[in-house]
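With the first letter of the sequence shown counted as 1, position 250 gets the number 260 in our numbering; the numbers rise by one all the way through.
Here a beta-carbon is modelled for each residue, glycine too, at the ideal position from N, C-alpha and C.
Presented below is the structure to which this report refers.
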Amino acid sequence: MNPFSKLGLSPQVIEVLEKLGFEQPTPIQEQAIPMLLGNNPTDFIGLAQTGTGKTAAFGLPLVELIDTDNRNIQALIMAPTRELGQQTAKQLVSFASNDRKLNVECVYGGANISAQIKAMKGPVQILVATPGRLLDLMKRKAVRLDDVRYVVLDEADEMLNMGFKEDIDEILEHTPEQRVTWLFSATMPKEIRRIVKKYMEAPLEVHINAEQKTNENISHAYVVTKASNKIPALRRFLDVQPDMRGILFCRTRRETQQIADDLGDMGYSVEALHGELSQGQRDAVMKRFKTRSMQMLIATDVAARGIDVNDLTHVLHHTLPDQLESYTHRSGRTGRAGKTGISLVFINSREGRKLSELEKKIGVTFERVEVPNIDEIQDMRMERWAQQLIKTPIDERSGGIMEIVKEKFEALSKEDLMLRLISSQLEQLIGSGGHGGDLNEHPGASSRGERKAAKPNRFFINVGSMDGLDRNDILYFLSDISGVNRKYFTDLSLQKNCTFFDVDMGHVPGFETRFDGIEVDGRAIRVNKDDDDTRSEKPRGAYSKGRGGSNGGGGYSKGGSSHGDGRSSGPSQRRNSDSGASNRPRGAKDGASSRGKKKSY
Ligand code: AMP
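Here it is in structure tokens:
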């Protein structure tokens, strides 16, 4: 008997699962499917992460429960990102492939809304949506939720992290009271408990705990190196393993872009993925990554949400995530579908405590590995560089310069020329700072000055071009509210959903507090120091779109304390808090024995 039949799934669905190669239910499927298929519709909480098979855990029951004679939306699945939404919809379409009358649609921001409005006119029984776009469609009366019986909040913690709290509330208010809610989340912060309390009744709960979550196929490892040596160290790993294919996670968009640019300049096949890229650019990057024309993606946590790529050999962590839970999310990108993978963390000697905390939290042991020795990689680097040079296409414009260059180098023999060429590349070929030394940081080594200090006068405000504002509007707004003359604002960088700017140092103290309680069209305005810019990736709902171009001080109001949630909006604003940690790196206790060990990572 097929193990899925025991869970109550129909032969029709089992047939699909057989085609998909699903042989055994995962723990969350085993527990959730019978509950969700039960005769009495029930609210449900699944504490589980991506990679546990949670999509099938709710998707298979939905496919069974939908009434295909009814053309209207009966199941609404909300997802934090377009990528996750699309991936979920794709799985649902495959689960429903035996039922021609069951239609799944996916709507998300950043895409043409007219096409989505049109798609909503056909029969759609399961709708997957990102909250902002869904609200937009609701306001345009393009979707009707009257027949919704099942609401799924997928990656609920992530949706809240991305600022969708109000949108979710509003959407839920517009769904029928008798609907049931199934909530999936990797973590259960207070805000999620609030949603549970407000919208759910006696939910059944399934918790896929750390042990079950831990993927045995992933080896967890770390290297200890100075922050300034993290990239040179990463290069060595890339050099010794040309077959490495993976994702390097970074904390901020700026860091992500910088690292991708630097490595790209050195000839590595890498690209950045972060929230500052347009959806089109992101799609193009993902396409290149999936088709393997690129070796490594350099990504922020937020941007990498929901991307579905198999066969990654490595997940690398340039910095540990602020929220340690995200580590499992990150590392789960490797070691998929029975393959083995390596999750490698770059830490400096002060971050040992954080790593030990992580070990306890997720129940895995990290093994210390050494940064490959320069001798091991020089030949490979040389090879890479030579290949790159040989493969460089000859630009037809070079011809004109050639004559001049010939004359210049006339006196040099080919060998002399090659020697000079090599010398000019020496930095690249032998490593950072002109030396090819040991990049491992050992106990007792100095570890000061790891992080570049954030610019103390750079700020961020959560309004941008998508609010219909231009640079001048924002300048006037900032000046009006803060009372600081416009001439003291410089370097204004207007983005889609936020704006960065510098404030003259003399006006910095207490600057951001002047925006406390300011609202624009009922939305709390946040001004924060730009100490970690991942926050600006947080998209918002479509609410503020209707606002006119210039507000000149008119459209905003000073309300109560409505900025409360915005101020504490998540991990991205927290700074490393372990500066007081021991100077002994983690693993120092077994220093001598672990040090000599050579292992290929
Ligand atoms: P999810 O956690 O829903 O993102 O699923 C992760 C991946 O595992 C997806 O590619 C699914 O197609 C796959 N998957 C889910 N359940 C099973 C199963 N029981 N057997 C094999 N693959 C599965």
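- Per DSSP, residue 43 is one residue of the alpha helix (DSSP H) stretching across 37-47.
- When Cβ pairs closer than 8 angstroms are counted between the two stretches, the region 89-96 is seen not to touch the region 262-270, the count staying below three.
- Distance from the CA atom of residue 540 to the CA atom of residue 261, rounded to whole angstroms, is 13 angstroms.
- Annotation for residue 167 indicates a beta carbon at 8 angstroms or more from all heavy atoms of the ligand AMP.
- The beta carbon of residue 426 sits closer than 6 angstroms to none of the beta carbons in its chain outside the five residues before and after it.
- Per DSSP, reduced to three states, the secondary structure at residue 181 is helical.
- In the three-state DSSP reduction, residue 529 falls in the strand class (E or B).
- Residue nearest to residue 337 within the set 228, 302 and 382 is 228 (criterion: CA-CA distance).
- Between residue 89 and residue 138, the gap from beta carbon to beta carbon is short of 9 angstroms.
- Bounds of any alpha helix (DSSP H) do not take in residue 306; it lies within the beta strand (DSSP E) bounded by 306-310.
- Looking from the CA of residue 358, the closest CA among 341, 334 and 235 belongs to 235.
- In the three-state scheme derived from DSSP, where H, G and I count as helix and E and B as strand, residue 209 is classed as helix.
- Counting only residues of its own chain and dropping the five nearest sequence neighbours on each side, residue 467 has a CB closer than 8 angstroms to the CB of 512, 513, 514, 515 and 518.
- Spatial neighbours of residue 126 in its own chain (CB-CB distance under 6 angstroms, excluding positions within 5 residues in sequence) are listed in chain order as 117.
- Between the region 102-111 and the region 139-150 there are fewer than three C-beta pairs closer than 8 angstroms, too few to call the two in contact.
- The three-state secondary structure of residue 171, taken from DSSP, is helix.
- In the three-state DSSP reduction, residue 389 falls in the helix class (H, G or I).
- For residue 149, the closest C-alpha among the options 111, 181 and 419 is that of 181.
- With 16 or more other Cβ atoms inside 10 Å of its own Cβ, residue 322 counts as buried.
- The Cβ atoms of residue 218 and residue 72 lie no closer than 9 angstroms to each other.
- The distance from the Cβ of residue 147 to that of residue 177 is about 12 angstroms, inconsistent with a contact at the 8 angstroms cut-off.
- Using a Cβ distance threshold of 9 angstroms, residue 35 and residue 68 do not count as a contacting pair.
- Straight across, the Cα-Cα distance linking residue 286 with residue 505 is about 8 angstroms.
- Under a 10 Å Cβ-count criterion, residue 159 is classified as buried, with 16 or more other Cβ atoms of the shown protein chains found around its own Cβ.
- For residue 260, DSSP records a beta bridge to 310.
- Beta-bridge partners of residue 378 (DSSP): 232.
- Relative to the ligand AMP, residue 39 has its C-beta within less than 8 angstroms of a heavy atom.
- Here residue 149 carries a helix assignment [DSSP, helix/strand/coil].
- The three-state secondary structure of residue 496, taken from DSSP, is helix.
- Closest option to residue 335, judged by alpha-carbon separation, among 365, 356 and 307: 365.
- Apart from sequence neighbours up to five positions away, the residues of its chain that approach residue 70 with a beta-carbon distance below 7 angstroms are 19, 23, 43 and 105, ordered along the chain.
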